[in-house]
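Protein chains in written order, with this note's numbering: chain A, 362 to 667; chain F, 763 to 964.
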């Protein structure tokens, strides 16, 4: 992004005016590029199969003014499995994703309509191959009021698992968001309905439902320790092979997710950077071996708008 | 033949006279309808006159009337038409920010104001709108630098000091923010925001 050049405070008006053409009058900025790197460290509590997970991601996003944008995402994950009968089947996984969106502004609806398409691909060294070569396609249509006080979207995701007897997972979700307290707070709800093409491959479940709730609060400039944002989230119900296209997360391992809690803080750093940290815990169930366990994680994200 | 030319000349003059009279009526009608709050008809009378198809001022008027009606996309379209007819027009660059701000399209507001400032580097209104966009985009570094420059160019104006204080506050520089708010209070002694900040941080 082009920036206005600083002027020394001792400059006279005349000299300031003479520098005006080069100092202030830039051509219009059109492209807004942001990048972020993130890391996740997780441990599994009560799991008979898993020890820990490490994950790192790179995201590059480019928006053309307020109208359109493209995002590219890469994630590398490693899951440390417990050795069973002397066999250690750790998984190393690469995930790629791209997101395209375009915003239409509708005066009739007093807001913007944003069609969005997310494509994801996953490859890993899963010895069973069942979670390998996964692909996801997810269109979404979102509405956001001009005042940014009301949001609604409808999203469909189709996940294909060609090495798992051609399992197909259909996920419908609808996001509803409300801004209040002079837009310092944002409350969002996201119900999920997830169906399986073969319930024998999804722990006997042909359809599961879940509800996700998230609250965001933005602090003013004088907040304690410079915190900019607080987030609290919870999920209740069941999700299987779920996908989250805001975070580009694909839950491609078979265990059923049965709830989650998370809390996060964000800080604004110098040079236009932002740091976000999230502590979370997710409950899973592997009914095949009757094992309920938790994944407890710390997620860190450092982002910068260029 | 001479008589024929004479009559043709009279007819042409009469037509031109009627045309000028009709144009005046159209503009007068438009302003009268606007005064009555009928922004739709105020635009329609201009649109229905073919003479206004490529008229820059008609495009500006219809753009503004569309904005008043809440038809922001139409307003943007007519302001863009005015800019096509006259790319150097400061009026159109300023005008188009009205519907863009209503739609919260701050990046486009910023782009238009940067374009305007290429034509008129120290246009005060352009700078104020650019600062509004920088604030809406939470670009505190840019806003701080920009407002600082503007306090030099327009030392009597309080607005740049307010934006400088807000940027400093968001950057965590309370001392600089207080100093800027004190400058605001010199210019507007009962300024609510500045008074509240000084009181809170004394």
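Beta carbons are placed, not taken as given, at the ideal position from N, Cα and C, and that holds for glycine.
Open item on the list: At a CB distance below 7 Å, what residues from the region 465 to 489 of chain A approach chain F? Give them in sequence order.
Closed with: 466, 468
Task: Alpha-carbon spacing of residue 670 of chain A relative to residue 482 of chain A, whole angstroms - done: A query on residue 670 of chain A cannot be resolved here, the shown segment of chain A reaching from 362 to 667 and no further.
Open item on the list: Measuring straight from C-alpha to C-alpha, what distance separates residue 382 of chain A and residue 873 of chain F?
Closed with: Here the model assigns residue 382 of chain A a pLDDT of 32, short of 50, so the residue's position is not dependable, and the following value carries that caveat. Answer to the nearest angstrom: the Cα atoms are 16 Å apart.
- [ ] Go ahead and label residue 843 of chain F buried or exposed: buried means 16 or more other beta carbons lie within 10 angstroms of its beta carbon, across all protein chains shown.
- [x] buried
Task: Under the three-state DSSP convention, the category residue 950 of chain F falls into - done: coil
TODO: On the DSSP bridge assignment, give the partners of residue 637 of chain A in chain order.
DONE: Answer is A:627, A:662.
Open item on the list: Checking 9 Å against the spacing of the C-beta atoms, do residue 839 of chain F and residue 427 of chain A come in under that value?
Closed with: Not in contact: residue 839 of chain F and residue 427 of chain A (Cβ atoms no closer than 9 Å).
Task: residue 628 of chain A versus residue 795 of chain F - alpha carbon distance - done: When rounded, the distance between both Cα atoms is 52 Å.
Task: Collapsed DSSP secondary structure at residue 877 of chain F in the structure displayed - done: helix
TODO: To the nearest angstrom, report how far apart residue 798 of chain F and residue 550 of chain A are at their CA atoms.
DONE: If I take the Cα positions, the gap works out to 45 Å.
TODO: Measure the Cβ-Cβ separation of residue 417 of chain A and residue 395 of chain A and say whether it is below 9 Å.
DONE: no
Task: Identity of the residue in A:590, A:564, A:562 nearest residue 575 of chain A by Cα - done: A:590
TODO: Starting from the beta carbon of residue 393 of chain A, find every residue of chain F whose beta carbon is closer than 8 Å, and list them in chain order.
DONE: Within chain F, the residues near residue 393 of chain A are 869.
Task: Identity of the residue in A:648, A:652, A:650, A:641 nearest residue 659 of chain A by Cα - done: A:641
Open item on the list: With a threshold of 9 Å between beta-carbons, can residue 833 of chain F be considered close to chain A, or not?
Closed with: yes
Open item on the list: Against chain A, does residue 791 of chain F count as a neighbour if the rule is that its beta carbon must be under 9 Å from one of theirs?
Closed with: no
Open item on the list: With three or more C-beta pairs closer than 8 Å as the rule, is the region 497 to 511 of chain A touching the region 896 to 905 of chain F?
Closed with: no
- [ ] State yes or no: is the beta carbon of residue 424 of chain A nearer than 9 Å to at least one beta carbon in chain F?
- [x] yes
Open item on the list: Quick check: is the beta carbon of residue 449 of chain A nearer than 9 Å to any beta carbon in chain F?
Closed with: no
Task: Any chain F beta carbon closer than 9 Å to residue 356 of chain A - done: Lying outside 362 to 667, the shown extent of chain A, residue 356 of chain A is not represented and no answer is given.
Open item on the list: Could you check whether residue 599 of chain A and residue 674 of chain A sit closer than 9 Å to each other, using their CB atoms as the reference points?
Closed with: The question about residue 674 of chain A has no answer here: the residues shown for chain A are numbered 362 through 667.
TODO: Please report the residue range of the beta strand (DSSP E) in which residue 596 of chain A lies.
DONE: 588 to 598
TODO: From the DSSP output, read off the bridge partner residues of residue 511 of chain A.
DONE: A:539
Task: Backbone CA spacing between residue 668 of chain A and residue 566 of chain A [nearest angstrom] - done: This structure does not reach residue 668 of chain A, given that chain A is present from 362 up to 667, and the question cannot be answered.
- [ ] Please confirm if the region 850 to 870 of chain F is in contact with the region 823 to 842 of chain F, defined as three or more CB-CB distances below 8 Å between the two stretches.
- [x] These segments touch.
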